[in-house]
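Worksheet: one structure, shown below.
This is how it looks when you write it as structure tokens:
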């Protein structure tokens, strides 16, 4: 028969091991992934107050609230920009979700190479340039133009298989 002292010792040992594991320092791999996320999230997902995405939200809001003056809308623009940026970049938010499993199959060496790339000044300059509202508007325009080309092709394939087209 097992003594209660032994069971208490065993329970204490298991708790000690579990708590040590929970408080252990993250591995160098985990630290590299955190750094990659930090480098990425610091630039991606941060809206510019004049970005087309913010304009879309404001246009819809202005339609529903025509009585609001321009000064109030500028205050709302600032608040909306900060709030949406925070949501997109939040831990557990969409950006975290995009990255959570994407790097699972990367080797430690590949992760380190990616970290260096993301920290490269030229790459940072490219990301900053891509966050320019005029560049974002061009991307939206190109995407809409691309959709106008690809949907008819997709519809043709669907109808070829006896289905109804989508658009």
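In mature numbering (1 follows the signal peptide of the UniProt record, and there is no 0), the protein residues as written are -24 to -1, 1 to 143.
Heads up, the beta-carbon is just placed ideally off N, CA and C, and yes, glycines get one too.
DSSP state of residue i mapped onto helix, strand, coil
| i | result |
| --- | --- |
| residue -1 | Low confidence applies here, because residue -1 scores a pLDDT of 49, under 50, leaving its location unreliable; read the following figure in that light. Coil. |
| residue -10 | Confidence is the limiting factor: at residue -10 the pLDDT is only 44, short of 50, which leaves the residue's position unreliable, though a coordinate-based value still follows. Of the three classes helix, strand and coil, the one that applies to residue -10 here is helix, per DSSP. |
| residue 173 | Summary: the structure shown does not reach residue 173, with the chain confined to residues -24 through 143, and so no result is reported for it. |
| residue 59 | helix |
| residue 122 | helix |
| residue 84 | helix |
| residue 44 | coil |
| residue 37 | helix |
| residue 130 | helix |
| residue 140 | coil |
| residue 135 | helix |
Opening and closing residue of the alpha helix (DSSP H) in which residue i lies
| i | result |
| --- | --- |
| residue 106 | 97 to 106 |
| residue 26 | Segment: none, residue 26 is in no alpha helix (DSSP H) and carries neither H nor E. |
Minimum C-alpha distance to residue i - residue among the options
| i | options | result |
| --- | --- | --- |
| residue 79 | 2, 13, 3 | 13 |
| residue 109 | 141, 51, 57 | 57 |
| residue 53 | 23, 75, 39 | 23 |
| residue 93 | 16, 2, 3 | 16 |
| residue 50 | 136, 91, 33 | 33 |
Counting beta carbon pairs with one atom in the segment 84 to 100 and one in the segment 4 to 11, are three or more of them shorter than 8 angstroms? The segment 4 to 11 vs the segment 84 to 100: in contact.
Can you confirm whether the segment 28 to 47 touches the segment 107 to 127 when touching is taken to mean that 3 or more C-beta pairs between the two stretches lie within less than 8 angstroms? Segments in contact, yes.
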